[in-house]
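I have placed the structure first, in the form of structure tokens, so that the comments after it can refer back to it.
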Amino acid sequence: MGFEKNNKFGKGRPKNSLNKNSKEIREMITQIVADNLDETKQRLSNLKDADYFKAMGMLMKHVLPAQKHIEQNTFDHPTQFQIEIIDRIDQVSDYNTLDKVIDLMANE
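Structure representation (structure tokens):
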């Protein structure tokens, strides 16, 4: 049975703290790795390329921080389009009409 809400008798382990067993096991594994570092390097260098990269990937998970997934919004831009040139200005003979045509084209 778990603690009831507003229990004042025991606070439990603080959030994000390790229990004693986990801490001791981590320290033991760290010591084993440190003591066998040269042998580990030698064995890694003797692996085939595929196995070497697999082993390095497994080791990297313990050294590098975990990456969070970031969702990106991608837009579907058209990859094919056609440019259409409208040629109306050459059909205009005077400047007053030219200004009207330019305004008309700008408003389309």
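Residue numbers (the numbering used here): -10 to 97.
We treat Cβ as the ideally placed atom computed from N, Cα and C, and that holds for glycine.
Is there at least one non-hydrogen atom of the ligand MG closer than 7 Å to the beta-carbon of residue i?
i    : result
Leu7 : This structure does not include the ligand MG; it has no bound ligands of any sort.
Check for me: the alpha helix (DSSP H) holding residue i runs from which residue to which?
i     : result
Asn35 : Element bounds for Asn35: n/a, residue is neither H nor E.
Asn10 : 9 to 24
From residue i to residue j, what does the alpha carbon distance come to, in whole angstroms?
i       : j       : result
Asn35   : Val52   : 22 Å
His58   : Pro3    : 28 Å
Pro67   : Asn(-5) : 60 Å
Glu(-7) : Gln20   : 40 Å
Met45   : Ala39   : 10 Å
Asp65   : Ala95   : 27 Å
Met47   : Asn62   : 31 Å
Val22   : Met49   : 14 Å
Ala55   : Gln71   : 45 Å
* Asked: What residue ranges within the segment 37 to 72 form continuous alpha helix (DSSP H) runs of no fewer than 4 residues, ordered along the chain?
  -> 38 to 52
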